Amino acid sequence: PPHDPLYWWGIHSWVAVLPSPNKSDVEQVFFIQPGSGVASCPADPLYLGIESLWNHRNYWVNVQNCNGCKDLQFELRDTSCWQHLLPGEPWEWQEISRDIDLDQRDTILLEKHLDMPASWVQRLHIPHDRYEQRYPLGQKSTYYKKALVEKFAPYLHDDGLVCRVTTYEDYECQEPQVEYQMFQNREDCLYRTIRYFQPETIIDEYEKGREDALKRQTRYTEESKRVMEFFQQVRHDSLKTLTLTPLSLEEQFESREDRLYHRFVTFDPRTRALNKWSITDGTIRRTVTKIIEKFHRNIELVADRDIARREFDITNEEIHINYHYAEGKITAGTRYFVKPPLADQGDRLKFDSTMTSGYVVDTAAPPQKKVELFWLLEACLKAERDALKHIRDMEDEILSILRSLAMETAEPKLKISIFDEERNSAAKEGMKRCEQQLKEQTVREVEAETDYLAVYLMQFGNKPLSQQNILEVRQYCLNEYKQLLVDRANKMQFRFDKLTEELQAKHQWYEDLGTHVSNEQEESYLEDVRRLAFQLHTLELRLLRHRDLAAERYAALDLWLCNDPRLTDLDFVSS
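Numbered per this note's numbering, the sequence shown spans residues 12 to 586.
Structure representation (structure tokens):
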């Protein structure tokens, strides 16, 4: 290649790993390129020299003659090779012992070598709203080789977009190839969208937290195909992947108890359009023509009885079964059923040997009994009905998911923290309303203080009270309050006695039945006993509390009446 006029003038930084006296894992110096992470030795001819080294402790200037890096000495304590900028050296380089008895203050002073001058600028103050912008005007664009990176401040876009990376096929960035969009604070848990332009494919990725447990959605525009992936751990049916096309529906399961891991459904082309489903009542459905189910091996069953593949040919009214391969066998058993007419599939299924045929691997094994084939056909018919019901339910769920996704795309909503004072205006208004209501309630409670004498003083109107009237009012109030306390105690005691009788009756009923008690009856009995015991314990505590506080409450009312100015002020008393 021609001579580079900038040879020796380019500056490059990389990582140098030096041996340490306290660490034996590094025996010799080596370099690491930060861009690639590839390690290389100092003898590499690509390294022309070193001007300086630095770390979090100091800065060393190289004073050696540079003719590559292979002959450089990396003993930083040698001042003839390296000159340090700041005074002092690390503890591990010092020759004094660290076992000397020094307190923390002396240790700090021993390590202190200079005082840094105070900053010449004032303390920076950035408003929170300006800080959240992160970039000038809230966005920043950077062009790279065949790529454009756009960064945005949170909440700048209504859809929560914070970063968009677009790769191009040309250097002029005119023909986009792939577009990556990153989102934050989305209520629908969307955090990334990948769009491929040729062919046009869109991948939406979601975090955990959605009600439908959707994890990833892939849309193939040209093929009218859609693939949905779910968090199968939180779904009751353990659905992992769902593939939709105009003529088929494919489900992939994981860790199901029935060992089902694959279901493939084909539809009649005459009812192919998914968007023709009735949105109101779901009466317009695609006609199912075939259902194929696949199962994992069940080691508890023999291979000739363990179903590996089950096909329901609804159009031809047939059922095909393939069993698992037995150990050491190169063929597997099969079974074929012709479904009986719908009129014969009532409560009493009609079956004869002409309705089935099969292949048995072990010719020496006894043939299956007719009753076993009858049970197998009955189980298959029930499985077909369950599969059809599941498909209809899945169609409804798919329609619900598509509606939700369309709504989220058209009107995306963002999550706002309750601590975000700038955006959470609704929370601020709600807190202010709660504070105002609390203040108003407190004022009302103060103004509407209980007046125990109001009922008794109403009969006298505005007439002045005599000494006899005052004594009568006071005594009436105390007597009625005393009677109230007695009635309250009697009600609690009556309830306590009634629950005690009910509990004794439960015990007597259980003893009379003895060993003839069923599991359901015993569980109901234990539940009733626990409930009654809890209620009795609660009533007992209330009775004890009422007994302890009754005298105090009576004395408090007596003191309140003695201090009431209407019963003590002489201006209201006439002789």
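Every residue gets a Cβ at the ideal spot worked out from N, C-alpha and C, and that includes glycine. Note that the structure is a prediction, hence the values are computed from the model and not measured.
- In terms of CA proximity to residue 312, 337 leads the group 322, 337, 331.
- Assignment of residue 132 by DSSP, reduced to helix, strand and coil, places it in the coil class.
- In the same chain as residue 64, and ignoring 5 residues on each side of it, the C-beta atoms closer than 6 Å to its own belong to 71, in chain order.
- Residue 431 and residue 437 have their alpha carbons spaced roughly 11 Å apart.
- Exposed is the label assigned to residue 545, since fewer than 16 other Cβ atoms lie within 10 Å of its Cβ.
- When DSSP reads this structure, residue 301 sits in a beta bridge with 277, 324.
- Beta-bridge partners of residue 215 (DSSP): 204, 228.
- In the DSSP assignment, residue 369 is bridged to 346.
- Bounds of the beta strand (DSSP E) holding residue 175 are 172 to 179.
- Linking residue 49 to residue 62 through their CA atoms gives a straight-line distance of about 21 Å.
- At a Cβ-Cβ threshold of 8 Å, residue 543 and residue 522 do not count as neighbours.
- Per DSSP, residue 526 lies in no beta strand (DSSP E) segment and is marked neither H nor E.
- DSSP, read as helix, strand or coil, puts residue 374 in coil.
- In this model, residue 229 and residue 262 are separated by some 15 Å (Cα to Cα).
- Counting only unbroken stretches of 3 or more residues, the beta strand (DSSP E) elements lying wholly within the segment 22 to 110 are 26 to 28, 41 to 43, 63 to 65, 70 to 73, 93 to 95, in sequence order.
- Per DSSP, residue 209 lies in no beta strand (DSSP E) and is assigned neither H nor E.
- Cα atoms of residue 52 and residue 80: separation of roughly 9 Å, rounded to the nearest angstrom.
- Separation of residue 25 and residue 86 (C-alpha to C-alpha, rounded to the nearest whole angstrom) is 18 Å.
- Taking C-beta separations shorter than 8 Å and ignoring five residues to either side along the sequence, the partners of residue 504 in its chain run 554, following chain order.
- In the DSSP assignment, residue 237 is bridged to 230, 255.
- In chain order, 547 place their CB closer than 7 Å to the CB of residue 511, counting only its own chain and leaving out the 5 sequence neighbours on each side.
- DSSP places residue 244 in no alpha helix (DSSP H); its state is neither H nor E.
- Taking C-beta separations shorter than 7 Å and ignoring five residues to either side along the sequence, the partners of residue 492 in its chain run 565, 568, following chain order.
- Look at the segment 426 to 502 and you find these whole runs of alpha helix (DSSP H), each 4 residues long or longer: 436 to 458, 465 to 468.
- In the three-state reduction of the DSSP assignment, residue 250 falls in the strand class, which pools E and B.
- Looking from the CA of residue 146, the closest CA among 133, 162, 379, 135 belongs to 162.
- Taking a contact to require three or more Cβ pairs closer than 8 Å, the segment 216 to 232 and the segment 386 to 404 do not qualify as touching.
- Of the candidates 31, 58, 36, the residue whose Cα lies closest to the Cα of residue 43 is 58.
- Residue 351 has no beta-bridge partner at all, per DSSP.
- Residue 439 and residue 198 have their C-alpha atoms roughly 20 Å apart.
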